[in-house]
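Residue numbers (the numbering used here), protein chains in the order written: chain A, 179 to 346; chain B, 179 to 346. For reference, the structure is listed below as structure tokens.
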DNA sequence: TCCGAGGTGTAATATTATGACATGGCGCCT
DNA sequence: AGGCGCCATGTCATAATATTACACCTCGGA
Ligand SMILES: [Zn+2]
Ligand SMILES: [Zn+2]
Ligand SMILES: [Zn+2]
Ligand SMILES: [Zn+2]
């Protein structure tokens with residue numbers, strides 16, 4: 179079953195095509211994961227997640243480090259460590275095509291096959307699970323005797339907002 | 179329709195699970211592309227392509243530069259330039275999940291949707307086109323009003339050879 | 001109290017990729 | 001032949017992304 183496409187959010191103009199994430203929800207999911215693993219949901223982890231959730235768009239690790247730096251300089255390695263935790267918690271994904279990271283407010287069940295749709299105009303990412311894609315992947319794998327473990331599916335293109343409201 | 183899986187090569191031990199590419203075929207495709215664009219198929223481009231074809235596995239750009247270096251040092255930037263040409267020619271693909279490059283001996287028609295299956299044991303990559311995956315992607319895109327341009331589909335897992343012949 | 005697991009802060013380094021610029025070959029026009 | 005434009009090359013430099021190493025800290029259990 180796919181996520182709700184959430185098509186209703188078009189028309190919001192807080193910031194050009196910005197689709198910020200429900201920060202509370204994603205944060206509580208991270209906290210739950212931490213608890214379940216007996217690990218702390220530390221300040222650094224919270225700060226990185228909060229920034230990504232507020233941004234609503236993918237950010238590079240060094241960009242995150244930059245934004246989080248105030249009096250103290252936050253080093254990239256600290257960001258990478260937080261990102262690793264958050265990815266394991268399922269709250270953050272990495273875009274392989276851009277080496278960037280974004281917050282996710284979906285709850286991905288076990289073997290769900292998720293497609294990341296990346297807008298080349300505004301940079302926004304939408305996620306959708308597709309059972310058809312999943313079956314297609316299992317199909318090609320079976321044909322070649324390949325045992326699939328983890329798929330990476332990214333679709334570059336143009337989102338609905340940018341199609342209707344050119345370049346900007 | 180999928181490519182020939184070439185499963186018969188199991189048991190060959192020239193080099194663990196090596197599936198080298200038909201160098202002549204891929205080279206002539208590159209040459210044809212060059213001609214069609216009025217560009218030269220230069221020595222550097224030939225050397226990079228030949229190395230990738232012979233290797234049969236993905237290589238990092240710096241690894242290629244390393245292998246091609248003899249008396250003269252081949253700089254990474256030269257390799258990237260050659261790779262750019264070869265990717266446009268459709269002879270080489272980039273694996274986003276590993277930032278590595280591999281030769282391809284298939285002829286991908288227009289909008290073919292190709293899945294890269296990457297073995298995490300031996301590193302080999304198999305390609306297969308899937309119409310079902312393509313339809314799935316068009317489906318999720320349509321649902322969200324997204325206009326898909328270029329898909330990146332990589333499947334990490336274990337190839338048939340490595341499944342039958344454990345770890346090694 | 002001691003110990004160990006995990007987190008932090010910091011420096012250093014590795015890996016991947018691009019920018020800038022002078023040079024050289026090679027067609028093409030005059 | 002001479003000049004010109006285009007593209008590739010060689011070389012240096014730098015940007016951008018990611019990991020390793022290590023000393024220190026803190027918390028919680030034996
Ligand atoms: Zn997600
Ligand atoms: Zn957009
Ligand atoms: Zn291919
Ligand atoms: Zn394998």
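Yeah, the Cβ is synthetic: ideal placement off N, Cα and C, and Gly gets one too.
- The stretch 191 to 242 of chain B is shown to contain whole alpha helix (DSSP H) runs of 4 or more residues at 201 to 215 and 221 to 233, in chain order.
- The beta carbon of residue 256 of chain B sits closer than 8 Å to those of 222 and 243, all from its chain and outside the five residues before and after it, given in chain order.
- The stretch 209 to 229 of chain B makes no contact with the stretch 297 to 305 of chain B: fewer than 3 CB pairs, one atom from each, lie closer than 8 Å.
- Between residue 261 of chain A and residue 239 of chain A, the gap from beta carbon to beta carbon is short of 8 Å.
- Within chain B, the residues whose beta carbon sits less than 8 Å from that of residue 329 of chain A are 331, 332, 333 and 334, listed in sequence order.
- Not a single C-beta of chain A is nearer than 8 Å to the C-beta of residue 299 of chain B.
- When 7 Å is used as the limit between beta carbons, residue 308 of chain B is near these residues of chain A: 314, 317 and 318, in chain order.
- B:266 is the residue among B:266, B:325 and B:274 whose C-alpha sits nearest the C-alpha of residue 286 of chain B.
- For residue 280 of chain B, there are no neighbours in chain A by C-beta distance under 8 Å, as the nearest C-beta there is about 16 Å away.
- Residue ranges of uninterrupted beta strand (DSSP E) with 3 or more members, entirely inside the stretch 245 to 309 of chain B and ordered along the chain, are 270 to 273, 278 to 281, 292 to 297 and 303 to 307.
- Close to residue 293 of chain A, with beta-carbon spacing below 7 Å, are these residues of chain B in chain order: 315 and 318.
- Residues of the stretch 257 to 286 of chain B with a Cβ closer than 7 Å to any Cβ of chain A, in chain order: 274 and 275.
- Looking only at B:277, B:278 and B:313, the smallest Cα-Cα distance to residue 292 of chain B is reached by B:313.
- For ligand 1, residues qualifying as neighbours are A:271, A:282, A:284, A:286, A:292 and A:305, where qualification means a beta carbon closer than 6 Å to at least one of its heavy atoms (chain order).
- When 7 Å is used as the limit between beta carbons, residue 326 of chain A is near these residues of chain B: 333 and 335, in chain order.
- Of B:231, B:225 and B:233, the smallest CA-CA separation from residue 247 of chain B is found for B:225.
- Under the Cβ criterion of 8 Å, residue 303 of chain B is not counted among the residues facing chain A.
- Checking the DSSP bridge columns, you'll see residue 332 of chain B partnered with A:330 and B:294.
- The beta carbon of residue 311 of chain B sits closer than 8 Å to some beta carbon of chain A.
- Of the residues B:332, B:319 and B:322, the one whose Cα lies closest to the Cα of residue 308 of chain B is B:332.
- With contacts defined by Cβ atoms closer than 8 Å, residue 234 of chain A and residue 325 of chain B do not form a contacting pair.
- The distance from the Cβ of residue 269 of chain A to that of residue 227 of chain A is about 6 Å, consistent with a contact at the 8 Å cut-off.
- If you look at residue 337 of chain A, you'll find it isn't in any alpha helix (DSSP H); DSSP assigns it neither H nor E.
- The nearest non-hydrogen atom of ligand 4 is 7 Å or more from the C-beta of residue 276 of chain B.
- Cα atoms of residue 249 of chain B and residue 289 of chain A: separation of roughly 51 Å, rounded to the nearest angstrom.
- Beta-bridge analysis with DSSP links residue 325 of chain B to A:336.
- Contact annotation, residue 329 of chain A with residue 276 of chain A: C-beta distance approximately 18 Å; criterion of less than 8 Å not satisfied.
- Excluding five sequence positions before and after residue 198 of chain A, the CB atoms of its chain that fall closer than 7 Å to its own CB belong to 231, 232 and 234, given in chain order.
- With distances taken between CA atoms, residue 273 of chain A lies nearest to A:305 out of A:305, A:245, A:259 and A:254.
- Across the structure, residue 245 of chain A and residue 251 of chain A are spaced so that their CA atoms are roughly 10 Å apart.
- For residue 278 of chain B, same chain residues with a beta-carbon under 7 Å away, outside a window of 5 residues either side, are 236, 237 and 238 in chain order.
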